[in-house]
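Q: Numbering (my numbering), first residue to last: 30 to 97.
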Amino acid sequence: METPKRSIVKAVIWNVIGLMSMAMVGLWATGSLAMGGKMAAINTAIGLSCYVIYERVWARVSWGRVCG
């Protein structure tokens with residue numbers, strides 16, 4: 030089972046990657062670095078929260094694990 034700390038670190042790293050890519054998409058879509066950054070920040074906050082919850086739920090599911 031994963032620890033909560035590991036789930037959070039994984040989520041933060043994944044969301045930094047997402048923040049950078051979403052900021053580029055937002056800049057491309059709006060032509061504004063400020064608006065693209067705001068869009069990316071909101072998306073990242075929502076995504077981080079959902080991902081941590083998702084990971085913690087799956088950490089409790091034993092289906093598909095090989096016990097050794």
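The beta carbon of each residue, even a glycine, is placed where N, CA and C say it ideally should be. Here the structure is a predicted model, which is why all the values come from computation and not from measurement.
Here's the rule I'm using: 16 or more other beta-carbon atoms within 10 Å means buried, otherwise exposed. How should GLY65 be labelled?
A: Here residue 65 refers to the residue found at position 36 of the sequence shown. Buried is the call here.
Q: The alpha helix (DSSP H) with GLY60 in it runs from where to where?
A: Taking the sequence shown and counting its residues from 1, one reaches residue 60 at position 31. That residue, GLY60, is in no alpha helix (DSSP H); it is neither H nor E in DSSP.
Q: Can you tell which of MET68, ARG85, CYS96, ILE82 has its C-alpha closest to the C-alpha of GLY47?
A: Residue numbering aside, residue 47 sits at position 18 when the sequence shown is read from its first letter. Selected option, being the one with the closest Cα: MET68.
Q: So is GLY55 buried or exposed if we call it buried at 16+ other beta carbons inside 10 Å?
A: Position 26 of the sequence shown, counting from 1, holds the residue named residue 55. With 16 or more Cβ atoms within 10 Å of its Cβ, GLY55 is classed as buried.
Q: Taking only three categories from DSSP, how would you classify TRP87?
A: As a position in the sequence shown, residue 87 is number 58, starting the count at 1. If DSSP states are grouped into helix, strand and coil, TRP87 belongs with the helices.
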